[in-house]
Amino acid sequence: GGSASVSMVRQVKLDKESELRVEVPNDTPLRLRLLSGTAEIFGAELPPEIWLNFPPRLKFAVFTWYGATIEMDGTTELDYTADETPMVGYVNVHAILEGRRNRAKASSSNDSDSSQGPRVIVVGPTDSGKSTLSRMLLSWAAKQGWKPTFVDLDIGQGSITIPGCIAATPIEMPIDPVEGIPLDMPLVYFFGHTTPSNNVDLYKVLVKELARMLERQFSGNSESRAAGMVINTMGWIEGVGYELLLHAIDTFNANVVLVLGQEKLWSMLRDVLKNKPNVDVVKLQKSGGVVSRNAKVRQKTRSYRIREYFYGLANDLSPHSNIANFSDLFVYRIGGGPQAPRSALPIGAEPAADPTRLVPVSINRDLLHVVLAISFAKEPDEIISSNVAGFIYITDIDIQRKKITYLAPAAGELPSKYLIVGTLTWLET
Ligand code: ADP
3 GGSASVSMVR
13 QVKLDKESEL
23 RVEVPNDTPL
33 RLRLLSGTAE
43 IFGAELPPEI
53 WLNFPPRLKF
63 AVFTWYGATI
73 EMDGTTELDY
83 TADETPMVGY
93 VNVHAILEGR
103 RNRAKASSSN
113 DSDSSQGPRV
123 IVVGPTDSGK
133 STLSRMLLSW
143 AAKQGWKPTF
153 VDLDIGQGSI
163 TIPGCIAATP
173 IEMPIDPVEG
183 IPLDMPLVYF
193 FGHTTPSNNV
203 DLYKVLVKEL
213 ARMLERQFSG
223 NSESRAAGMV
233 INTMGWIEGV
243 GYELLLHAID
253 TFNANVVLVL
263 GQEKLWSMLR
273 DVLKNKPNVD
283 VVKLQKSGGV
293 VSRNAKVRQK
303 TRSYRIREYF
313 YGLANDLSPH
323 SNIANFSDLF
333 VYRIGGGPQA
343 PRSALPIGAE
353 PAADPTRLVP
363 VSINRDLLHV
373 VLAISFAKEP
383 DEIISSNVAG
393 FIYITDIDIQ
403 RKKITYLAPA
413 AGELPSKYLI
423 VGTLTWLET
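Going by our numbering, the residue at position 285 of the sequence shown is 287; the numbering climbs one at a time, nothing skipped.
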């Protein structure tokens with residue numbers, strides 16, 4: 003049973019193939035360590051006896067294959083043990099992927115088809131455990147020495163960088179349960195909104211750009227090609243969301259589709275993909291431990307992700323406040339704002355806004371508290387197809403002096419003067 007709000011050092015004994023599910027409170031961290039046996043958090047093994055510090059709000063499970071004793075120090079929002087988990091099914095998928103990686107590695111590296119490792123895409127409704135499953139598959143692969151590529155297409159709750167982006171990064175080590183994905187050098191494209199409906203065409207363009215860039219990297223790197231990729235997707239699976247899933251499966255040439263938590267989605271995808279003999283559509287059980295998050299919690303999580311980008315998870319980064327002249331920076335928006343639905347237009351009229359048109363934005367107070375991306379583009383017409391170097395946050399606009407004050411991860415000049423704005427805002431708290 004669950005025990006709420008108990009503060010003391012206590013031990014929990016886990017039987018084989020069971021897990022301890024923990025929700026860290028909103029205001030205090032939690033310490034936890036492995037006392038004996040072996041255990042992992044979402045695929046990453048716990049070091050023996052070392053206290054780990056879990057930040058507020060984190061929700062996780064300590065799973066053991068063979069049995070373990072865990073020690074906790076601090077209050078939890080909730081903690082309980084569960085012996086019914088889908089982990090055996092998940093690790094079986096991992097074993098099949100391993101077989102494919104080994105076959106890809108053994109094949110001659112100039113045959114592009116047989117040297118390609120598994121391209122896994124994880125789909126399902128929101129809060130079905132997609133990110134968690136992606137993380138486990140990546141960590142298990144990394145533990146065996148592979149460097150699979152993690153692709154995150156979830157612009158709402160992505161785990162590689164701030165919200166509003168799609169991104170990819172190689173995973174070279176099991177993912178740290180506290181630190182998450184290392185933010186070294188991810189390949190990031192800025193969409194600028196937290197829902198694709200703001201500009202569906204742009205979303206598709208960016209997915210294509212990311213896929214094309216990865217394809218290029220794979221062609222020169224047989225090691226990462228054989229390791230394959232794990233693609234996490236959004237929880238929007240109806241209507242346009244479903245269309246975007248099919249678009250992603252197609253664009254990345256996914257050959258393993260893992261469907262979590264929805265029979266209907268699985269059967270729809272199986273039917274529509276049945277004429278592609280190389281694509282396996284696999285239904286997997288959703289874990290009972292997945293914590294549902296309402297719209298407010300999601301919004302909060304997004305805000306914390308942006309804070310983490312600038313200040314670090316444990317306030318260990320010191321972002322820099324910089325001042326620039328209006329004339330130093332060139333701000334662009336992509337697309338003519340949210341498109342008017344055809345039904346809202348006079349009969350016969352076409353929606354005027356070109357969704358991928360580059361629109362120069364004049365600097366004014368509207369940019370206050372907005373998060374902008376710094377493009378790697380060298381010319382404005384490269385902006386749409388370019389990935390981004392990082393982000394800045396506008397903290398003041400002085401119209402009279404034509405000065406803009408912004409927060410950046412570091413001091414000094416920005417890597418580029420071309421900035422992209424969307425609808426992503428943040429209120430520093
Ligand atoms: P999705 O990507 O489908 O939206 P997530 O994988 O992000 O779902 O899971 C939602 C939340 O549930 C996350 O905070 C995650 O850490 C938590 N979670 C997932 N699996 C478990 C589990 N077995 N025990 C405890 N928490 C879990």
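Where a beta carbon is used, it is the ideal one built from N, C-alpha and C, also for glycine.
{"Item": "Measuring from the CB of L139, is there a heavy atom of the ligand ADP at a distance below 8 Å?", "Value": "no"}
{"Item": "Can you tell me whether K298 sits near the ligand ADP, meaning its C-beta is under 8 Å from at least one heavy atom of the ligand?", "Value": "no"}
{"Item": "Out of K285, T253, F332, which one is the CA nearest neighbour of E265?", "Value": "K285"}
{"Item": "Mind checking whether L22 and W53 have CB atoms under 9 Å apart?", "Value": "no"}
{"Item": "Around the Cβ of D156, are there at least 16 other Cβ atoms within 10 angstroms (buried) or fewer (exposed)?", "Value": "buried"}
{"Item": "With 16 as the cutoff for other CB atoms within 10 Å, does A413 come out buried or exposed?", "Value": "exposed"}
{"Item": "What residue ranges within the segment 32-77 form continuous beta strand (DSSP E) runs of no fewer than 3 residues, ordered along the chain?", "Value": "32-39, 54-56, 61-66, 70-76"}
{"Item": "For A70, tell me which candidate among T83, I386, I385 has the shortest Cα-Cα distance.", "Value": "T83"}
{"Item": "Going by alpha carbons, who is nearest to L360 out of F44, E381, L370, L248?", "Value": "E381"}
{"Item": "In whole angstroms, give me the CA-to-CA distance for D75 and D252.", "Value": "47 Å"}
{"Item": "V124 and I233 - do their beta-carbons sit closer together than 9 Å?", "Value": "yes"}
{"Item": "DSSP three-state label for K145, please.", "Value": "helix"}
{"Item": "State the start and end residues of the unbroken alpha helix (DSSP H) segment that holds A169.", "Value": "Counting along the chain, A169 falls outside any alpha helix (DSSP H), though it belongs to the beta strand (DSSP E) covering 167-172."}
{"Item": "Could you pull the start and end residues of the alpha helix (DSSP H) that L2 belongs to?", "Value": "Because the chain here runs from 3 to 431, residue 2 falls outside it and cannot be looked at."}
{"Item": "For V180, tell me which candidate among L315, P27, R105, L370 has the shortest Cα-Cα distance.", "Value": "L315"}
{"Item": "Assuming G392 is part of the beta strand (DSSP E), what are its boundary residues?", "Value": "390-400"}
{"Item": "Please report the straight-line C-alpha distance between K15 and R272, rounded to a whole angstrom.", "Value": "41 Å"}
{"Item": "Return the CA-CA distance between R307 and I164, expressed in angstroms with no decimal places.", "Value": "6 Å"}
{"Item": "To the nearest angstrom, how far is the alpha carbon of T171 from that of V209?", "Value": "14 Å"}
{"Item": "Sort N324, R335, D356, F378 by Cα distance to Y395 and report the nearest one.", "Value": "N324"}
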